[in-house]
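All residue numbers for the sequence shown refer to this note's numbering, where the first residue is 293 and numbers rise by one. Don't be surprised by glycine CBs; every beta carbon is placed ideally from N, CA and C. Okay, structure first, notes after.
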Amino acid sequence: MERRAFRISGFIPIGVLLLLAAAGIASVLPVLDEAGVHPRIGVVSVGYAVLAMLAATGFTVVNPNEAQVVQFFGRYVGSIRDSGLHWTWPLTARSRVTLRVRNFETARLKVSDADGNPVEIAAVVVWQVVDSAKAEFAVDDHVEYVAVQSEAAVRHLATSYPYEAHDSGRASLRDSAVVSEELTSELRERVQLAGVEVLESRTTHLAYAPEIAQAMLARQQASAIVGARFKIVEGAVGMVSNALERLRDEHVVELDEERKAQMVANLLVVLCGDRAVQPVVNAGSLYS
Numbered sequence: 293m294e295r296r297a298f299r300i301s302g303f304i305p306i307g308v309l310l311l312l313a314a315a316g317i318a319s320v321l322p323v324l325d326e327a328g329v330h331p332r333i334g335v336v337s338v339g340y341a342v343l344a345m346l347a348a349t350g351f352t353v354v355n356p357n358e359a360q361v362v363q364f365f366g367r368y369v370g371s372i373r374d375s376g377l378h379w380t381w382p383l384t385a386r387s388r389v390t391l392r393v394r395n396f397e398t399a400r401l402k403v404s405d406a407d408g409n410p411v412e413i414a415a416v417v418v419w420q421v422v423d424s425a426k427a428e429f430a431v432d433d434h435v436e437y438v439a440v441q442s443e444a445a446v447r448h449l450a451t452s453y454p455y456e457a458h459d460s461g462r463a464s465l466r467d468s469a470v471v472s473e474e475l476t477s478e479l480r481e482r483v484q485l486a487g488v489e490v491l492e493s494r495t496t497h498l499a500y501a502p503e504i505a506q507a508m509l510a511r512q513q514a515s516a517i518v519g520a521r522f523k524i525v526e527g528a529v530g531m532v533s534n535a536l537e538r539l540r541d542e543h544v545v546e547l548d549e550e551r552k553a554q555m556v557a558n559l560l561v562v563l564c565g566d567r568a569v570q571p572v573v574n575a576g577s578l579y580s
């Protein structure tokens, strides 16, 4: 788990080093007029050089939306998230982990849906690192880990739902709200190990595979035609029923059962036909 590493402003050690340099110069000034090189000058110079080199290993710069993971001889000591110039433990190794929000779009994957039909599907995943320690140490490469897990989750999702639901109340891959919610939930569980949080995920491409696309298009067209005919017949039956009721209630004409049946047949032909009907005027009696 990520924890806060020891750090101070980097300008404080710089000031301390400058003060030590001034103190060292002041200590050697009294002996500069003596003949030869006084041992004090060598001791002060070497000591200051060693101290400066040791302190320099603790300086680090953290950019905005970035974390520095600090290790001391292989041991994790913490992370620095505040941007700016900092100074931490000397002789430590530091690695950068970006905390920016990233997008990853999967390739177009060819899988079989819940009904066994081959489909092509792709998705985009929005994610960011929330635990720099896990991202650095829990997996080998957290970016590649997210990519692999995203494709695995998309494949699993595609096999769990049909491309389109032919039964009422059954979810399908075309229900973007349901699919996105389940894909996001599954991805969060998969990438939690790497210290990554999935913010959002959505399908960007969904289609039947080319080898069955024409057949499925014909099936969709047939379903649409059947549904339209059903609505037409349902409306025509209501109109015929209403017409017969009004003729009877308003006493416009009295029809026997045979004439009612003939009238119903004629009205249904007119209302349900897909072409314009040419009217024929009966010049004789009703029964001729």
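Reduced DSSP secondary structure (H/G/I, E/B, other) of residue i
i: P356; result: coil
i: Y368; result: strand
i: E550; result: helix
i: R373; result: coil
i: A496; result: According to the sequence shown, residue 496 is Thr rather than Ala. Residue state, collapsed to three classes: strand.
i: R388; result: strand
i: S301; result: strand
i: E489; result: strand
i: R295; result: coil
i: V361; result: strand
N- and C-terminal bounds of the beta strand (DSSP E) containing residue i
i: S404; result: L401 to S404
i: E397; result: R394 to E397
Residue environment, residue i, which counts as buried when at least 16 other CB atoms sit within 10 Å
i: K426; result: buried
i: S371; result: buried
i: R299; result: buried
i: D374; result: exposed
i: V518; result: exposed
i: P305; result: buried
i: L310; result: exposed
i: I413; result: buried
i: G350; result: buried
i: L346; result: exposed
i: V362; result: buried
i: Q360; result: buried
i: S424; result: buried
i: Q262; result: The shown model of the chain, from 293 to 580, leaves out residue 262, and the question about it has no answer.
i: S493; result: buried
i: L479; result: buried
i: A516; result: exposed
i: P502; result: exposed
i: A557; result: exposed
i: D405; result: buried
i: E294; result: buried
i: P356; result: exposed
Residue i: first and last residue of the uninterrupted alpha helix (DSSP H) it sits in
i: A425; result: S424 to F429
i: E473; result: S468 to V483
i: E412; result: Segment P410 to V421 is the beta strand (DSSP E) holding E412; no alpha helix (DSSP H) there.
i: A501; result: Neither: A501 is in no alpha helix (DSSP H) and is coded neither H nor E.
i: T380; result: Where T380 is concerned, there is no enclosing alpha helix (DSSP H), given that its DSSP letter is neither H nor E.
i: H448; result: H434 to S452
Determine, using beta-carbon pairs with one atom in the stretch 462-481 and one in the stretch 490-505, whether at least three such pairs fall under 8 Å. They touch, by the three-pair rule.
Report yes or no: do three or more beta-carbon pairs, one from the stretch 376-385 and one from the stretch 393-401, lie closer than 8 Å? Short answer: they don't touch.
How about the stretch 432-442 and the stretch 479-495: do they share at least three Cβ pairs that are nearer than 8 Å? Taking a cut-off of 8 Å on C-beta distances, the stretch 432-442 touches the stretch 479-495, as three or more cross pairs fall below it.
Count the CB pairs spanning the stretch 520-540 and the stretch 442-455 that are closer than 8 Å, and state whether there are at least three. No: the two stretches stay apart, fewer than three of their Cβ pairs being nearer than 8 Å.
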